[in-house]
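So for the sequence shown, UniProt numbering puts the first residue at 1; every next one is plus one.
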Amino acid sequence: MLKLTSLRVPFADAEMNAITDFNRKKQIRFKSIDDIKLLREVVANNPFKNKGKWTEIAESLSKPGFILDGRRVRERTQLLIDQHRRENAENIKASGTDEVVEEKTTLLDEILELREEDERVKREEKDKKEKTENMGKEIRKRALECLTPQKGNDIIHQITANKNHELLIVMEDFDQTVRYAHYGTFFIGNENEKYKLNVTGYSGTAGDSLAFHNGLPFSTYDQDNDSDSRNCAVIYKGNCYPVNTEESDEDKGINSRLRHRNSISTTLPGRGQESAQHQLPPTAF
Numbered sequence: 001m002l003k004l005t006s007l008r009v010p011f012a013d014a015e016m017n018a019i020t021d022f023n024r025k026k027q028i029r030f031k032s033i034d035d036i037k038l039l040r041e042v043v044a045n046n047p048f049k050n051k052g053k054w055t056e057i058a059e060s061l062s063k064p065g066f067i068l069d070g071r072r073v074r075e076r077t078q079l080l081i082d083q084h085r086r087e088n089a090e091n092i093k094a095s096g097t098d099e100v101v102e103e104k105t106t107l108l109d110e111i112l113e114l115r116e117e118d119e120r121v122k123r124e125e126k127d128k129k130e131k132t133e134n135m136g137k138e139i140r141k142r143a144l145e146c147l148t149p150q151k152g153n154d155i156i157h158q159i160t161a162n163k164n165h166e167l168l169i170v171m172e173d174f175d176q177t178v179r180y181a182h183y184g185t186f187f188i189g190n191e192n193e194k195y196k197l198n199v200t201g202y203s204g205t206a207g208d209s210l211a212f213h214n215g216l217p218f219s220t221y222d223q224d225n226d227s228d229s230r231n232c233a234v235i236y237k238g239n240c241y242p243v244n245t246e247e248s249d250e251d252k253g254i255n256s257r258l259r260h261r262n263s264i265s266t267t268l269p270g271r272g273q274e275s276a277q278h279q280l281p282p283t284a285f
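This is the structure we're talking about:
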């Protein structure tokens, strides 16, 4: 004889979760005294500032047959707040209600103040963040609008003139080989000195490409300060410190072009640079 068995069609996860959530809420019945205890804990712990406090409150209020979690106490608190907002506290007091209702009203007033304070702080933090971001964008915009090679050199001069600084250049070629050049002393002169470069104390693996520039002034399109009959800023399409152009013309690699388009740089042996970082920390002594 063919035996028939019933087939059970499984619910989708969302449906099962909805049923579980419904049963969970149905099983837990809050009494007035439970609400009072909950509201006391909320006032004492202010979980609106620290979200983890909701779980702590749930654990402190849970008992056999009355098991809570952070989500449940948060939802119950919000429900009580919403009810309180709809009620007229003066009418409740005038109706001659008992002390439990009186305390519940007082506690909800305090919680409502905490909630409103938390929302106010969040709004202020958001406004402050937006203001800071907008200010930063405006500063960068103005800096880009007014920054010229001379002003850039003025900034570096002011930084290095007030305190001894080192120079660290870290470079990576297209094969992801990283090399560095470290100079124990670095500073540049002022405008009257034509931003003369002073750099000594080399150590590293990238080669001492700045040695030739040491003690030399800065060249721009309108100020040719190099010893060559040609202007290095024009040749290499960028402001620079004077270079041995005859020697540089023999170096046909990408590294040559990169080197002379930057006022302060160095090169990887026989390789073009994919990236380069320049750091200017104060000396440790």
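In this text, a Cβ means the ideal position worked out from N, Cα and C, and glycines have one as well.
Predicted, not measured: the structure shown is a model, and the values here were computed from it.
Exposure label - I169; buried when at least 16 CB within 10 Å: buried
Quick one: residues in its chain with C-beta nearer than 8 Å to the C-beta of I28, no 5 flanking neighbours on either side, listed in chain order? F66, I67, L68, R72
Taking the beta carbon of A181 as the centre, do at least 16 other beta carbons fall within 10 Å, making it buried, or is it exposed? buried
With DSSP run on the structure shown, which of helix, strand or coil describes D173? strand
If we call anything under 8 Å between Cβ atoms a contact, is L39 one with L80? yes
Can you say whether D173 is buried or exposed, counting buried as having 16 or more other CB atoms within 10 angstroms of its CB? buried
Unbroken beta strand (DSSP E) run spanning G201, endpoints: 197-204
Could you check the C-alpha separation between N45 and W54 for me, to the nearest Å? 9 Å
With a floor of 4 residues, list each alpha helix (DSSP H) that falls wholly inside the region 53-135, ordered by position along the chain. 53-61, 70-86, 89-94
I need the boundaries of the alpha helix (DSSP H) containing I33, first residue and last residue. 32-45
Does the beta-carbon distance from Y183 to L167 come in below 8 Å? yes
Which value, in whole angstroms, describes the spacing of the CA atoms of K37 and E130? 40 Å
May I have the straight-line CA-CA distance separating F30 from L61, to the nearest angstrom? 11 Å
To the nearest angstrom, report how far apart K49 and T132 are at their CA atoms. 23 Å
Three-way DSSP call (helix, strand, coil) for I188 in this model: strand
Within 10 Å of its beta-carbon, does K104 have 16 or more other beta-carbons around it, so buried, or fewer, so exposed? buried
Tell me, to the nearest whole angstrom, how far the beta carbon of D154 is from that of E124; I am working on the premise that it is less than 8 Å. About 38 Å separates the two Cβ atoms, so there is no contact after all.
Exposed or buried, what is T160 when buried is set at 16 or more other beta-carbons lying within 10 Å of its beta-carbon? buried
Of the listed residues Y195, T185, M171, nearest to T205 (C-alpha basis): M171
Suppose contacts are defined by Cβ-Cβ distances below 8 Å. Is A43 in contact with L107 by that definition? Note that residue 43 corresponds to Val in the displayed sequence, not to Ala. In contact: V43 and L107 (Cβ atoms closer than 8 Å).
CB-CB under 6 Å to P47, same chain, minus the five flanking residues each way: which ones, in chain order? K53, W54
Relative to the C-alpha of E56, which residue among E41, K63, P64 is closest? E41
Per DSSP, what kind of secondary structure is G161 in: helix, strand or coil? The displayed chain sequence assigns Ala, not Gly, to residue 161. Residue state, collapsed to three classes: helix.
Measuring straight from C-alpha to C-alpha, what distance separates M135 and G152? 21 Å
From R76, E110, V199, residue whose alpha carbon lies closest to that of L280: V199
Using C-beta distances below 8 Å, list every residue in its chain close to E247, excluding the 5 sequence neighbours before and after it, in chain order. The pLDDT assigned to E247 is 38, lower than 50, so where the model puts this residue is not dependable, and the model offers no usable value.
Rounded separation between E117 and R76 - CA only: 20 Å
Alpha-carbon to alpha-carbon, H278 and S209: 14 Å
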